[in-house]
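These notes concern the structure reproduced below.
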Amino acid sequence: MSRRSVVGAAGAALATLGLPACGGAGPGASPAPGPAPAPAPLPAPAPPPALPSPPPPPALGTVFSELSVQAAALAGRLPYVASLLPLQGQVPAGLTVQSPDDGSLQASVLSSWPDGSAAVLLLAGVVEVAANQAKSLRLQTAKPLDASPLTPARIAALVKDLSVNFGVLGQAGIADLARPERIWWANAQTICARYRLAAPQHAGLEAVIDIQAFAASERALVEVVVENGKLAAATATSSSGPAPAAYATATLTLNQAVVATVGTAGAVGGVHGAFRAWYASAWVGGDPQLRVTQRHTDLQKHPLFFQCDQAASFDMSAYAQDAYRPWGTGRHRAVGMGGGGDHPSIGALPQWEARALQSGDARAWAATEASALAMLSYNINHRDVSGVVPHSAIMPLKTQGSWYKNWPSNNAEPAFEVAHQPAAGLMAFVARPSPVYIEIAQKIAVWTGTIDASSDLLKYMDGAAAGISDPTGIVGNVQMRAKAWGPRNLCHATWLSPQDHPWRASGLQWLDRNSRFLGAYAANTRAVLLPLYEGEPEWPMDLEKNMPGIQVSLWMYHFVVMEWHRIAASQLLLGLSAQRQAAVDKVADGLALAVVKWVNEQPEGGWRFLPYRSRLGDEGGNLAAYPGWGAQRAADLGGRPSAVAGPWGGGIGDEKSWAAVEALAYESVGGVGYPSNFWAALVAARERAVPGAAQAWNTVLANITNLAAWRAGFANDPRCGAYPRNLSS
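Per mature numbering (1 follows the signal peptide of the UniProt record, and there is no 0): the sequence shown = residues -23 to -1, 1 to 706.
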């Protein structure tokens, strides 16, 4: 977010690539990527968060959610898979999910809530559709049936031959498809298994292959990610990265037919660089062309997401042509990810993902997949020699930065950037469950957890008191917003990782370290107005040098509030202990409490004005100089606000009087901007029910004079457009 905001051809090489299922932007958004053809056929804060207690589990046979089905050109009985993210307690341990509309439906539990109920399920079944039909499948809890899961033999029966030709770097094929490296999930309707093929003539290049086969149809989906990122994570140094892979084209052969060809002409430097990857997919038996997703209004109830304040007004046809291209970056920035904090890729979810959550539109879900796959073009694709995305047990004390740099990186564009990083993986998995999306989330988290995880962090805090000896996984960037987006991505990766996957334990450990890190700020005597500031706990930094004192961007702080609310509400850290969950609840409550105080400590209406930068403390840098926001702003601004009620306002932060602030522009439409960020943070505070939250909420509703018209902006851009789930709208 800028200061001024407040004053060829891929050619035939891509001819067989695309998303394995059917698939604009409003003013100011990025242009849609070009289409690609379909795949080749074949005060002390209140201890508990105040979100409503989980409802009692539904009685057997009670419908508690639905799947939304969107067919394309094909008609008939077609197989499908879908993800389901039930609320805690909705699918108790020992029960499963069935559908009165699909007697074939089978469910696999990938992970569980702390009470043992299912948290992430993979559903598979068969649905009768007409061409282009939309329909729903009701879901209900039931006792599990005695049905044997498919075995890898089903994959071997459908996929007779699979090989990858890496050009001059050699060719490799899978000799025995009945012996996968990992089974991701299996039930009586589907199985998904992992295989890998190394390039014979390159140490870092390999094809990571996931195959999903179906019982009720002679169909299998083959997904291939070709990565150049293999390394020994435990012994990695800054020079451990693989060399660029120089091949002209690579081809994927499936059942003796070439189904995908990718050239390196479109890659950075014309070669397959270190830690970059591309994706291809193909169907055995033909793509059923179904989009099957959980009902979007049910997803809005999930603690990792948010209830949308407004129904969608955006024309989703703008997403109709979104499709993945190898080496492309989708709707993300190809150059300068760090430029502009209000880019459509930035927010609790990227704009297109937020619109999918808001509307459930199949075109927005397709855009979500396309831009998630585009993450493979960035410098995030690390893989340990053991075959997994690296995790904490095999990569202690690793960092890309500082004098201690011992984790390799490749910073050529397109490159990830810590303070403006988007989310990717979780919503794509909701759009279409695939191990590719699980690992995209994990890869982003590994990059995030190493970029600033330097031992320097322990120089400016009491690591022993915080319980931190290894900073790996901590998002230590001095910009406050990095402490929102980075931990958010760690949370998403942890949530997606199956219960038995080694990355899940890593994610819990890294999330806990970040919770401890933020707790060190809150415990500092400087933390009077805010429990977080830029810099380190014992080394506050002023990033706005032309203003005296220590400044903070409250709009960045508001990002942190909303994301840590979701991290705490996910209850993931109960996977470590009740004590560590209580600690993250305390962090989230403390962050939210400062938002409430911003309103309640400025009863004359000064809270309506949200500047680009706000001073913490006096001009000499004493952060604890003033006991509350009323005293702080009285010291910064002469006079008094002229009215309690009115529209949202702004400012730069260097104004000297309330008259100067009130002479600036006011905001008439919400969506993107400082008031919108504040609104989302206030919603988080209201959901957590921290002390004073109800008063602050009611004050805002009563005194923003154009509130209804302003909130209408969330219909077009829902990224900050939340509404408290513990209130009736």
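Glycine is no exception: its CB is placed at the ideal position from the N, C-alpha and C atoms.
Return the bridge partner residues of residue i from the DSSP annotation.
i      : result
Gln189 : Cys169 and Leu198
Pro56  : Val103
Gly240 : Thr226
Arg272 : In DSSP, Arg272 forms no bridge with anything.
Glu513 : Trp516
Cys285 : Ala699
Glu644 : Trp625
Leu139 : Leu231
Verify whether the separation of the beta carbon atoms of residue i and residue j is less than 7 Å.
i           : j      : result
Trp487      : Leu467 : yes
Arg201      : Ala257 : Checking the sequence shown, residue 201 turns out to be Val, not Arg. Cβ atoms of Val201 and Ala257: closer than 7 Å.
Ser386      : Gln377 : yes
Ala497      : Ala418 : no
Trp342      : Ala333 : yes
Gly463      : Thr425 : yes
Val572      : Ala504 : no
Ala395      : Asn454 : Checking the sequence, you will find Val at residue 395 rather than Ala. Yes, the Cβ-Cβ distance between Val395 and Asn454 is below 7 Å.
Ala392      : Asn356 : yes
Leu114      : Leu44  : yes
residue 725 : Val621 : In the structure as shown, the chain starts at -23 and stops at 706, and residue 725 therefore has no counterpart that could be examined.
Pro410      : Ser85  : no
Gln110      : Ala165 : no
Val423      : Pro367 : yes
Ser94       : Ala119 : no
Pro624      : Asn683 : yes
Val576      : Thr676 : yes
Tyr381      : Ser432 : yes
Which residues in the same chain have their Cβ closer than 7 Å to the Cβ of residue i, if we skip the five residues on either side of it in sequence?
i      : result
Ser336 : His273, Ala289 and Met293
Ala52  : Val106, Ala107 and Ala108
Leu350 : Tyr256 and Tyr301
Ala227 : Val141, Asn142, Phe143, Gly144, Val203 and Val239
Ser7   : The pLDDT assigned to Ser7 is 33, lower than 50, so where the model puts this residue is not dependable; a value taken from the coordinates is nonetheless given after this. Hits under 7 Å: Arg308 and Pro321.
Asp79  : Gly102, Val103, Val104 and Leu114
Ala461 : Phe536, Val537 and Glu540
Could you name the residues of the same chain whose beta carbon sits closer than 8 Å to that of residue i, not counting the 5 residues immediately before and after it, in chain order?
i     : result
Pro20 : Model confidence at Pro20 stands at a pLDDT of 37, short of 50, so the residue's coordinates are unreliable; what they give is reported in the following sentence. Within the same chain, Pro20 has close Cβ partners Leu570 and Pro668.
Leaving out the 5 sequence neighbours to the left and right, which residues in its chain are closer than 6 Å to residue i when beta-carbon positions are compared?
i      : result
Arg54  : Val103 and Glu105
Ile160 : Ala170
Ile151 : Leu139 and Tyr172
Leu495 : Val564
Ala2   : Confidence at Ala2 is low in this model, with a pLDDT of 30, below 50, so its placement is unreliable and no value can be given for it.
Gly38  : Gln117
Ala297 : Arg340
Val245 : Ala389
To the nearest angstrom, how far is the alpha carbon of residue i from that of residue j?
i      : j      : result
Ala405 : Leu353 : 13 Å
Ala602 : Leu641 : 28 Å
Ser619 : His478 : 58 Å
Ile544 : Ala50  : 40 Å
Pro580 : Ser634 : 17 Å
Pro525 : Gly450 : 33 Å
Leu98  : Val68  : 10 Å
Leu435 : Pro448 : 8 Å
Gln672 : Met539 : 19 Å
Asn232 : Gln266 : 21 Å
Asp489 : Gly402 : 21 Å
Gln271 : Lys278 : 12 Å
Leu704 : Ser215 : 51 Å
Pro327 : Phe282 : 12 Å
Lys522 : Gly316 : 20 Å
Asn491 : Ser379 : 19 Å
Ala560 : Leu174 : 43 Å
Gly313 : Gly181 : 27 Å
Ala666 : Ala686 : 26 Å
Write down the C-beta distance between residue i and residue j rounded to the nearest angstrom, noting that I regard them as a contact closer than 8 Å.
i      : j      : result
Ala670 : Ala679 : The pair is not a contact, with the Cβ atoms about 15 Å apart (cut-off 8 Å).
Tyr589 : Gly630 : 5 Å
Leu614 : Glu639 : Not confirmed; about 10 Å, so no contact.
Pro280 : Ala251 : Not really, about 37 Å apart at Cβ, beyond 8 Å.
Met457 : Val537 : 6 Å
Leu100 : Val58  : 7 Å
Lys574 : Trp532 : About 17 Å; that fails the 8 Å criterion.
Ser194 : Gln476 : 29 Å between Cβ atoms; not a contact.
Leu587 : Ile527 : Going by Cβ atoms, the distance from Leu587 to Ile527 rounds to 18 Å, so no, they are not a contact pair.
Gly147 : Ala176 : 6 Å
If you measure from the CB of residue i, is any heavy atom of the ligand COA nearer than 6 Å?
i      : result
Arg617 : The ligand COA is not among the ligands present in this structure, which contains no ligands whatsoever.
Step through the CB atoms of chain C and report whether any lies within less than 7 Å of the CB of residue i.
i      : result
Leu485 : The structure shown contains no chain C, having only a single protein chain.
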